[in-house]
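Taking numbering that gives the first Met the number 0, the leading residue of the sequence shown gets 0, the next gets one more, and so forth. All residues carry an ideal CB built from backbone N, CA and C; glycine is no exception.
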Amino acid sequence: MTWSINLEDIDRIFSQGGALEKTLPDFEMRSAQKKMAWHVSKALKEMRYLIVEAGTGIGKTFSYLIPALLFSQANSEPLLISTYTRNLQMQLFNQDLPLAKKALNINCDIALLMGRQNYICRNRLARLHLKPSLNKKILPQIYMWVADTENGSIEDWPFHNQKYLWYNLCASLDLCQYPNCPYLKDCFVIKARKHCHHAQIAIINHHLFFSNLKYPGTEEGSVLPPFKNIIFDEAHHLEEAGINFFGFDFQEKHLDSFCQDLKEVATLMGKNNIKNLQDFVENVTMLAQKSKGFFQVLRKNTDKNEQQILQEGWTNDLKGAPEDLLETLDKLLQFFKNFPSLPVEEEGMLMENKRKLQDFIASLNHFLTLDLHNYVFWAEKNKSDSALKALPLRIDNFLKETFQNYLNGAVFTSATISVDADISRFTEEMGLPPDRVDKMILPSPFEYQYQTQFIIPEELPSPGSAGYTKESIYLMEHLQSILGPRVLILFTAYKMLEDFHNVLKGSNLSKFYAILKQGEKTPDLLVNTFKKEQKAILLGTSSFWEGIDLPGHHLTTVIIMRLPFPVPDDPWIYGKAKQLEEMGRNPFSDLMLPKALLRFKQGWGRLIRSYQDRGLIMLFDTRIATRNYGKTFLRSLPDDMPVIIGKKEKLLSSGKKFWEKEGKNLDYGEDN
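Now the structure itself:
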């Protein structure tokens, strides 16, 4: 390492009159931001792992971007920045990094690399006319866009209402003909990867990081440059990203689509008088029949529930259907191996489907020989599709070698990492070497005692009990004068949201508020509608607990309907809980409670995003005041956040006093 840390330089950059204040329009000097920047610099210099929980308002993005730029200027080796969401990737690339470069007067090459599905494939576009169901009128417009676009990415894709079209054009790994693709020189994916390999700083995502681990020595394992230092933002999603990446499935709809593709291949090959083509077609027909039979018997033997955990002997009642299907897949593979040379187009399609076929065989074999020690396996069904699915129960075994032997330094940061002020659980999940880890928690700098109140009504029945939904809406009607014009209600399950929505539409609140719910529009359109309405209640679940920003008067109240414990019969939660029990550990304290606490912090954190934000947070779950674990949730709140527990009259009085302090106009959410 040639970079020498200078604390005075960091101090100057982040202080009043420094480089950031001269560049950033809304810069505010924050001691915690400066402290984090110093420790990020130290971790990169001393080749250590730093885990930072940086609360909202710290300004953590520039706390790692400034050291990253200084590091890249002083060293010839690349530094990677990895995010979970594409939105943050684009923000870093288009906004934050250019500002940081300007502040430091540094000119270094920055690359953005997304997953291959985010780029268009020229080869698939050239064959798109072969799709019989396609509206050919749109092809000239796509050709014009491809001729003009610089990166061929979904970010530039102008046909936003054509999701199916993008699915048929994106650079799917299963369909890639590398290195024999006729469009190799102009491939958008390869161009993006080459830029990434030559850049000083590359912005990637967690999926690409795991891809680099999973496919060593292959094209997919050479996506990233040989890096020694990496910064993970949105680090609380690393475990989830890894679990999903290393999982696998065997789906009915995928086999149906595969059989249809093979029929198209057979039609094309028929023009070339291929020997044994009729036998091939018969085997494709046989595969479609065996697939249909297998999934039919799977549905019949799956419980009434939509998901069923698989255990040893799960195939005993399936009358040999899995083995028959595997035998048919194996037999079809022999045809692929014995086909003579074909014209380039047909050869390419044949190779694509051969790779798919090999993946199907490998996946089905996994389900026939269950590795229950490391994975959870389950069957899943709905009205139109059935599937076998599997997820790993832990990812530290995939990460240990990388973190212990290959990386010099790494920074993991998020607004929600710690559980009860402890970061050790994250260290364990990631398989980090304890002797090289430094940890720090930087709480949000906001003045919660003035900006919010955390309100807990004590009269509500327990969530899930009879009358809970009606009583909750009745309570909201009673508290209407303190809710403000824009209310976000967070649910832990979509069914609960639907039931609540059905009752809310018939309540008095619907006379004063526009009622919006997740699923009616895309999340972006829904949030924009919510902002434009004079008064609105937005019902959301899953992704609405994080990642949406509604600053200032755009959000006046957040209501959390229940403590966000994971669903116990979720397959991964079930499998992980069982594994912990076998290890002699407590699934509630080691799994359910930590995950609920992190989600809880993400939920109430939607409200206060800046020093200008004010509003109320309400929890309609009395268990926080009556159960022992409730104290742990209360401890996760900021020390200066007022907690008000009481009956309706007390809550109404407290809320009115809160708003009166600043003379807030609740009708429009604007200061008088």
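For residue i, three-class secondary structure by DSSP
i    : result
N373 : coil
E545 : coil
E446 : coil
K100 : helix
R485 : strand
K516 : strand
P550 : coil
G58  : coil
K53  : A quick correction: the sequence has Ala, not Lys, at residue 53. Correct three-state label for A53: strand.
F92  : helix
G114 : coil
D10  : helix
Q452 : strand
F490 : coil
A378 : strand
M439 : strand
L324 : helix
I607 : coil
F334 : helix
Y48  : strand
Span separating the alpha-carbon of residue i from that of residue j
i    : j    : result
L325 : N364 : 8 Å
D709 : I394 : Within the shown structure, residues of the chain are numbered from 0 to 671, placing residue 709 beyond reach of any answer.
H38  : L64  : 13 Å
F293 : L174 : 26 Å
P550 : W377 : 42 Å
K630 : K594 : 16 Å
W156 : L168 : 11 Å
L597 : L633 : 13 Å
N122 : G114 : 17 Å
L349 : G430 : 41 Å
H552 : P484 : 8 Å
H205 : F244 : 9 Å
K649 : E458 : 12 Å
M28  : F13  : 7 Å
K647 : D421 : 35 Å
R608 : L615 : 13 Å
Q578 : H372 : 8 Å
N150 : P224 : 19 Å
P24  : Q90  : 16 Å
L43  : S588 : 34 Å
Buried versus exposed, by CB contacts within 10 Å (16 or more), residue i
i    : result
N86  : exposed
A99  : buried
F158 : exposed
H235 : buried
V502 : exposed
T82  : buried
M475 : buried
H197 : exposed
K380 : buried
N211 : buried
S417 : buried
T368 : exposed
E669 : Note that E669 scores 42 on pLDDT, short of 50, meaning its location in the model is unreliable; the coordinates nonetheless yield the value given after this. By the 10 Å Cβ count, E669 comes out exposed.
S464 : exposed
P672 : Residue 672 is absent from the structure shown; the chain starts at 0 and stops at 671.
Sequence-distant residues of its chain with Cβ nearer than 8 Å to residue i (five each side left out)
i    : result
D278 : F334
L651 : H477, L478, S480 and I481
Y573 : I308, V375 and P567
F92  : I109, L111 and I202
F511 : Q479 and K534
beta-carbon residue i near the ligand NAP non-hydrogen atom, thresh 7 Å
i    : result
L124 : Absence of the ligand NAP is noted for the structure shown, with no ligands found whatsoever.
Neighbourhood of residue i by C-beta distance below 7 Å, restricted to the same chain and skipping five residues each side
i    : result
G604 : T55 and A414
K516 : L496, H500 and L538
L124 : I141, V145 and L168
Cutoff 6 Å; reference residue i; Cβ partners in own chain excluding five residues on either side
i    : result
M640 : Y447 and F453
C107 : S71 and Q199
D620 : P462, R561 and L562
I153 : N117
Below-8 Å beta-carbon distance, residue i vs any chain B residue
i   : result
S30 : Looking for chain B here will not work: only one protein chain is present.
Quiz item: Would you say the region 438-456 touches the region 46-66, given that touching needs at least three Cβ pairs under 8 Å?
Solution: yes
Quiz item: Between the region 29-47 and the region 61-78, do at least 3 Cβ pairs fall closer than 8 Å?
Solution: When C-beta atoms of the region 29-47 are compared with those of the region 61-78, three or more pairs fall below 8 Å, so the two segments count as touching.
Exercise. Take every Cβ of the region 227-245, pair it with every Cβ of the region 71-80, and state whether three or more of those distances are shorter than 8 Å.
Key: yes
Quiz item: Using 8 Å as the threshold, is the region 39-50 in touch with the region 392-409, meaning 3 or more CB pairs across them?
Solution: yes
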